[in-house]
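One structure is given here, and the rest of the page talks about it.
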Amino acid sequence: MPTPDVTFVPAMSQDRRVRVYRGNRVRVRPDHFSGPETFNGMEVDCYLLTTERFLLLCDTMICPEDMAIVTQDIQGEQGKRPLLVMNSHADWDHAWGNSYFTGEHIAPIIAQQHCHKRMESEKDQTFLAGFQREYPNHFNSVTITPPTITFQDNMTLYGGDLTIELFSAPGHCQDHIAAWIPELRLLLGFDALETPFPLIKDVSGVQDMFDTLEHFVRLQPRHVLCSHGGTTSPAIIQANLDYFREIERRCRTLLTQRLPTDTELVGAASLLGYSLEEAVAPSPAPSTSPNPSTTPFMAGPTTTTSATSSNGSQAKQQKISS
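Our numbering puts the sequence shown at residues -2 to 319.
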């Protein structure tokens, strides 16, 4: 069985209705299963949104044991309100905890309709089988469990005090969605946003990623949470969009001169003269610009108590024990 390492991170949200949980893991390498190694940056966040009418758990991390810890931690929050679950997309680190929400813990799971297709595909089953073969102690408890409620473009959940607008946000992958809470001007970007940059899995997602990021800009959020990167600042949206626009600009410039060979395309960073070091280097900005990695999520003075420890000091992280 896996040893869950799930942390409640109150410093990421000072509104008691938005709880951030972070999973930290020994790294596994999904590309070639070469064996586990320590990886200090392997983190994934999930969120609990508490409304007057229901609780919504956004993503289920990598295994049902993760969800057992989270649901145990929130028992006092739920009362008689139903618990709903959603998947931002079908990737293993976001949806392999779904099977916890079957049987005695059954709950509806909401996702974009292609997420259901992905989870039922032979490709995803083979992918899981590879993990279970190489890392039985970590993944033998995982059963890929597709969502039970799906939508195509958008779906709105009315919680009374909070409205949660789920909408298609492809680019990272076809089934990716995001969540917008207008009352808080909070955007949950999941893997469509990342520090330093989100991943586009294949060429078909390039234009989708531009469209998604431009949609995020138009929302004008005050706060942003993403699954990897530990940021709450909306500055990450423009930073990610600028990165892809710069790649596009350099590609267009190159194509006016010549067509690159297949061999050159393997080393695209060198071909474009745009290394990762250059891409992540801080650009000149006014001193008032928010730092996307340090700005806290503050919903206002009336909702700040949940981020303060019992002795009155600001909490940084709280380990949850199983």
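A virtual CB, placed ideally from N, CA and C, is assigned to each residue, including glycine.
Because the structure is a prediction, the values reported are computed rather than measured.
For residue i and residue j, I'd like the C-alpha separation in whole angstroms.
{"i": "N134", "j": "L46", "result": "31 Å"}
{"i": "C43", "j": "R255", "result": "45 Å"}
{"i": "H29", "j": "G20", "result": "The pLDDT assigned to H29 is 42, lower than 50, so where the model puts this residue is not dependable, and the model offers no usable value."}
{"i": "H86", "j": "A92", "result": "7 Å"}
{"i": "C223", "j": "D199", "result": "21 Å"}
{"i": "R78", "j": "S118", "result": "33 Å"}
{"i": "L262", "j": "C248", "result": "11 Å"}
{"i": "R50", "j": "L185", "result": "20 Å"}
{"i": "A278", "j": "A265", "result": "19 Å"}
{"i": "V139", "j": "Q171", "result": "23 Å"}
{"i": "T253", "j": "L238", "result": "23 Å"}
{"i": "E40", "j": "V15", "result": "19 Å"}
{"i": "E245", "j": "I233", "result": "18 Å"}
{"i": "V203", "j": "I161", "result": "27 Å"}
{"i": "I59", "j": "A236", "result": "28 Å"}
{"i": "L216", "j": "N84", "result": "21 Å"}
{"i": "Q69", "j": "D88", "result": "24 Å"}
{"i": "L159", "j": "I141", "result": "30 Å"}
{"i": "M64", "j": "E274", "result": "37 Å"}
{"i": "L163", "j": "F187", "result": "12 Å"}
{"i": "A126", "j": "D90", "result": "15 Å"}
{"i": "E101", "j": "R182", "result": "35 Å"}
{"i": "E191", "j": "T48", "result": "27 Å"}
Taking 8 Å as the limit between beta carbons, can you name the residues of its chain near residue i, skipping five residues before and five after?
{"i": "L251", "result": "P257, L268, L269"}
{"i": "A322", "result": "Nothing in the structure corresponds to residue 322, since the chain is present only between -2 and 319."}
{"i": "A276", "result": "P193, F194, Y240, E243"}
{"i": "D121", "result": "A87, R115, I141"}
Buried or exposed: where does residue i fall if 16 or more other Cβ atoms within 10 Å of its Cβ makes it buried?
{"i": "E62", "result": "buried"}
{"i": "I103", "result": "exposed"}
{"i": "S272", "result": "exposed"}
{"i": "S201", "result": "exposed"}
{"i": "V221", "result": "buried"}
{"i": "P218", "result": "buried"}
{"i": "L52", "result": "buried"}
{"i": "V226", "result": "Checking the displayed sequence, the identity of residue 226 turns out to be Gly instead of Val. By the 10 Å Cβ count, G226 comes out buried."}
{"i": "T57", "result": "buried"}
{"i": "D259", "result": "exposed"}
{"i": "P179", "result": "exposed"}
{"i": "R115", "result": "buried"}
{"i": "A108", "result": "buried"}
{"i": "T123", "result": "exposed"}
Measure from the C-beta of residue i to each C-beta in chain B and report whether the shortest distance is under 8 Å.
{"i": "E191", "result": "Considering every chain present, this structure includes no chain B. It has just one protein chain."}
Under 6 Å Cβ to Cβ from residue i, same chain only, skipping five residues before and after it: list those, please.
{"i": "H113", "result": "P143, P144, T147"}
{"i": "F136", "result": "F128, Q129"}
{"i": "Q75", "result": "L52"}
{"i": "Q110", "result": "T147, Q149"}
{"i": "V82", "result": "L54, F98, A104, I106"}
{"i": "L80", "result": "L52, A104"}
{"i": "P231", "result": "P218, V221"}
Any idea which residues DSSP pairs residue i with across the strands?
{"i": "D42", "result": "R19"}
{"i": "L53", "result": "L46, L81"}
{"i": "N151", "result": "F164"}
{"i": "V221", "result": "L184"}
{"i": "A176", "result": "L163, L185"}
{"i": "I146", "result": "I107"}
Within a Cβ cutoff of 7 Å, which residues of the same chain sit near residue i, ignoring the five residues on either side of it in sequence?
{"i": "Q72", "result": "none"}
{"i": "I197", "result": "G168, H169, V203, M206"}
Is the region 95 to 105 touching the region 150 to 157 in the sense that three or more CB pairs, one from each, lie closer than 8 Å? no
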